[in-house]
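Chains as they are written, first to last, in our numbering: chain L, 564 to 861; chain C, 1090 to 1403.
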Amino acid sequence: MSGSPVANADAAEVARLQEIARQIRLEVIKAVYIARAGHLGGPLSAADMLAALYFNVMRIRPDEPSWPDRDRFILSKGHSSIGLYATMALRGYFPVAELATFDAAHSRLQGHPDMTRLPGLDMSSGSLGMGISAGMGMALGARLTGRGGRTYVMLGDGECQEGEVWEAAMAAARYGLDNLVAIVDHNKLQQYGWPGDGPDGRTPPEAPGELVAKWSAFGWRVLEADGHDVADILRVLALAADGDGRPVAIVAHTVKGKGVSYMEGHYYWHTRAIKPDEYAIAMADLGEPLPAGEGEPR
Amino acid sequence: MTLPMGRPMREIFGETVAELANDDPRIYMLDGDVGTSTRADIFEKAHPDRYLQMGIAEQNMFGVAAGLATMGLIPFISTFVSFAVVRPLDQIRVLIAQTGLNVKITPGYAGLFTGQTGMSHIIVDDMSIMRAMPGMITVSPADDVEAREVLRWAAAYEGPCYVRLVRDATQRLFGDDYRFELGKAVTVREGHDVALISTGSQTPRVVDAADLLAADGIDAHVVHVPTIKPLDVAAIVAAAERTGRVITVEEHSVIGGLGGAVAEALSEHRPTKVNRIGLQDLYPQSGPNDALLEIYGLSAPRVADQVRLILRPA
């Protein structure tokens, strides 16, 4: 159980994960384009971390999603659901074609994750601040039942404004749950934002260094990563696996809307339908330009 | 004749969950720093390694309970009703009710008996809120005997439930051979003039009220409804058919709780005039238990007074 969970962080593996992250972003864009609804900025900022977790780090069995000894993942920032669905589909939990049902009636791919509908989802989410508490329960439960496995919880940086996050931070540190890893997708934007002098007249959810200081103050071991550099993500996730009795918070510096030129860093791409011309640009940005004069049917 | 006193439900809580944990290693107690009040401390003495102190952080406590349930454990929750319903309501909704996870919401300090703490600690509408939540079973036991039975049922039931328990000793309604059945009402007194339908520790006081009414020639039928949801509609319809007149009595708001549930059921299935005795859209004050029952019209004599007035208006 101890030691690095990262099998092969060589150049070829990094390249493989980068390509998977690109595929995740493509599937996110396609699904939101088809659904004419959905969040974009958050799934795109999380894609590289989701690729690293689901395709390298986590011990999981897509063909046996309830395997008791698996690592667990909770997308506490549940509005980034399509990013998780795209990752799970590519990983083999369900057919990639099913992503076209995202947000549709009767779909297993609900707007926010519903664990009662889709096997492989370890927790329902959508109301912010809750995933870290449920993750604490899983990590504590794994210890109490003598199971191995780690619990990863991905939070948004704006989500850290919820008080429950800090209740959980307090309690998980008291229990010394070093099998609990919180990953904060620090993309520096939230849905509307606080007034300020940053991009679009907004100021980021936290000041520089604020998240590191807060999680440290609550007794967590804090690691920072470039959330778009797969090698760096693998590096910190390997460090996180070497428990020292403290839960681990990874502050991952990211860009909201990463990978699509006109979405990067703009708060209004938090959630938005994509127009046909915007779709063509996004696909081209992600290396899959549409044939001239053709748009994807919708 | 007055029903005898039983033991405090909170002691039954600590003892019973501890006993259940003897046989089931999956059972844990999560406490929001009130274990000496809810008597979860009785559980801690028996199973110190399965007593999980969560501190003064109820939202997190309910989320942790959901996470523990995904690992196959059975968390019981120790806090006050006032901090078990409205404060973590969204956590209950999203992480417990919507997931169907096996969490036992078993707070103490239901109703007016909160140790003279006042309106911040008295929640008048917990049954209204919990029964309106899709997927949430809502149970309000009458006495120590039924509380023990309900806790045994809750441990065996696979899924979330809400069981409200009373802090102080209340009157005993049932004999030791009583067996709780989810969703079943219990006729505790037979009569023909009016059906008095009650729940929780109010029911024994309604039985006493029925004795007082008998002296006035009013023959009351008394039905105890421990399970607010799922409601025993058939039993309520039968009581209405038998008497033609229904009065609900609850130590709770008259809005949306037992009175609301009975009125809904009869309106749909057997339209019958329903009067609701209980707390009238107000926030109660602090005071000794007996004083509060008098002030809010829930002692046996005051219930009898109100029933007389309803049946025989001046």
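Every residue, glycine too, gets a C-beta built ideally from N, C-alpha and C.
- Task: Could you tell me whether the Cβ of L1109 (chain C) comes closer than 7 Å to any Cβ of chain L?
- Result: no
- Opening and closing residue of the beta strand (DSSP E) in which V1213 (chain C) lies: Neither: V1213 (chain C) is in no beta strand (DSSP E) and is coded neither H nor E.
- Under 7 Å, do P699 (chain L) and V1153 (chain C) count as touching if we go by C-beta distance? It should be noted that the sequence gives Met, not Pro, for residue 699 (chain L). Result yes, Cβ atoms of M699 (chain L) and V1153 (chain C) sit closer than 7 Å.
- Item | Interface residues of chain L facing L1178 (chain C) [CB-CB closer than 7 Å] | Near L1178 (chain C) there are no residues of chain L at all, since even the closest Cβ is about 11 Å away, more than 7 Å.
- Would M1143 (chain C) count as contacting chain L if we go by Cβ distances under 7 Å? yes
- Item | Residues bridged to R1365 (chain C) [DSSP beta-bridge criterion] | C:T1337
- Message: According to DSSP, simplified to helix, strand and coil, what is Y1198 (chain C)?
- Response: coil
- Message: Contact defined as beta carbons within less than 8 Å: I believe I1336 (chain C) pairs with I1317 (chain C). What is the distance between those atoms, to the nearest angstrom?
- Response: Not quite, the Cβ-Cβ distance comes to about 17 Å (not below 8 Å), so this is no contact.
- Report the three-state DSSP secondary structure of K777 (chain L) (helix, strand or coil). helix
- Message: Give me the chain L residues within the contact set of T1188 (chain C), using Cβ-Cβ distance strictly less than 8 Å, ordered along the chain.
- Response: M678, T679, M686, S687
- Output the distance between the C-alpha atoms of E582 (chain L) and A575 (chain L), rounded to the nearest integer angstrom. 11 Å
- Contiguous alpha helix (DSSP H) assignments of at least 4 residues, all confined to the segment 732-763 of chain L: none
- Query: Since V1183 (chain C) meets chain L, which of its residues come closer than 7 Å, beta carbon to beta carbon?
  - Reply: S687, G689, S690, M693
- Task: With distances taken Cα to Cα, identify the nearest neighbour of R599 (chain L) among L:D666, L:Y656, L:G605.
- Result: L:D666
- Establish whether the CB of A1173 (chain C) and some CB of chain L are separated by less than 7 Å. no
- Message: Distance check for Q1180 (chain C) and V1067 (chain C), CA to CA, integer angstroms please.
- Response: Since the first residue shown for chain C is 1090 and the last is 1403, residue 1067 (chain C) is missing from the structure and cannot be characterised.
- Whose CA, out of C:G1156, C:A1352, C:A1354, C:R1391, lies closest to the CA of R1294 (chain C)? C:R1391
- Proximity of P1093 (chain C) and R1261 (chain C) at Cβ, strictly below 7 Å: yes
- Query: Are the Cβ atoms of M1118 (chain C) and S1167 (chain C) separated by less than 7 Å?
  - Reply: yes
- Query: Pick from L:T766, L:R765, L:A804, L:A812: whose alpha carbon is nearest that of E787 (chain L)?
  - Reply: L:A812
- Query: According to DSSP, is S1287 (chain C) helix, strand or coil?
  - Reply: strand
- If V1312 (chain C) sits next to Y1267 (chain C), beta carbons under 8 Å apart, how far is it from one beta carbon to the other, in whole angstroms? V1312 (chain C) to Y1267 (chain C), Cβ: 15 Å. No contact.
- Item | Runs of alpha helix (DSSP H) lying entirely within the segment 1136-1164 of chain C, each at least 4 residues, in chain order | 1147-1159
- Task: Find the nearest neighbour of T1276 (chain C) within the set C:R1253, C:E1133, C:Y1251, C:A1329, judged by alpha-carbon distance.
- Result: C:A1329
- Item | Environment of A847 (chain L) [buried if 16+ CB atoms lie within 10 Å] | exposed
- Can you find a CB in chain B that lies within less than 7 Å of the CB of N1191 (chain C)? The structure shown contains no chain B; its protein chains are L and C.
- Query: If the cut is a Cβ gap below 7 Å, which residues of chain L does T1168 (chain C) touch?
  - Reply: Per Cβ cutoff of 7 Å: no residues; T1168 (chain C) is ~13 Å from chain L at best.
- Quick one: is C1250 (chain C) near chain L, going by C-beta distance under 7 Å? no
- Going by other Cβ atoms of all chains shown within 10 Å of its Cβ, with 16 needed for buried, is M1090 (chain C) buried or exposed? exposed
- Task: Would you kindly check if the distance between the Cβ of N1149 (chain C) and the Cβ of A736 (chain L) is under 7 Å?
- Result: no
- Item | D741 (chain L) beta carbon less than 7 Å from that of R798 (chain L) | no
- Determine the burial state of G726 (chain L): buried for a count of at least 16 other Cβ atoms within 10 Å of its Cβ, exposed for fewer. exposed
- Assigned exposure category for Q586 (chain L) - 16 Cβ within 10 Å defines buried: buried
- Is the shortest distance between the beta-carbon of A668 (chain L) and the beta-carbons of chain C less than 7 Å? no
- Starting from F1172 (chain C), follow the alpha helix (DSSP H) in both directions and report where the run begins and ends. 1170-1173
- Just mark D626 (chain L) as buried or exposed, buried being the case when its beta carbon has 16 or more other beta carbons within 10 Å. exposed
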